[in-house]
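Read through the structure below, which is laid out as structure tokens, and then see the notes.
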Amino acid sequence: MQFIIVISMLFALFIALFAIQNATVITINFLWYKFYLSQAVVILGSALFGILIMLPFDIVKRIKLNIKINELNSKIKKLDDELRLTKEKISKTEELDLKNQNDIDNEQ
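This is the structure:
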């Protein structure tokens, strides 16, 4: 997780440096509108727009992963309980076998 944060910070720094070095005013034509903006604003705005577009996908992915983690933790708990019960049964069976063996030995 920390690796992703470091890479994200480096990428943000790269975008900021790129935007600062390209700060000239440009004309943006969109449909029938004309805008005059700094190229830095366009670059930073595009990066921010990309982040905002991808954020819902990341949130959905994290929710699905949390659901899967909860399901797997529940399954682990169930299997641990089953293992504990099986070990108890084995222990009781071994005790009974040992007792039966002692009874047989005592009869002889």
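First residue of the sequence shown: 1, per full-length UniProt numbering; consecutive thereafter.
Glycine residues also receive a C-beta, built at the ideal position from the N, C-alpha and C atoms.
- With respect to I53, I15 sits apart: the two C-beta atoms are not nearer than 8 Å.
- In the three-state reduction of the DSSP assignment, N73 falls in the helix class, which pools H, G and I.
- Under the DSSP assignment, L13 falls in the alpha helix (DSSP H) whose first and last residues are Q2 to Q21.
- Pairing I28 with F18 gives a Cβ-Cβ distance that is not under 8 Å.
- Residues A23, T24, V25 and I26 of the same chain have their beta carbon placed closer than 8 Å to that of S38, with the five preceding and five following residues left out of the count.
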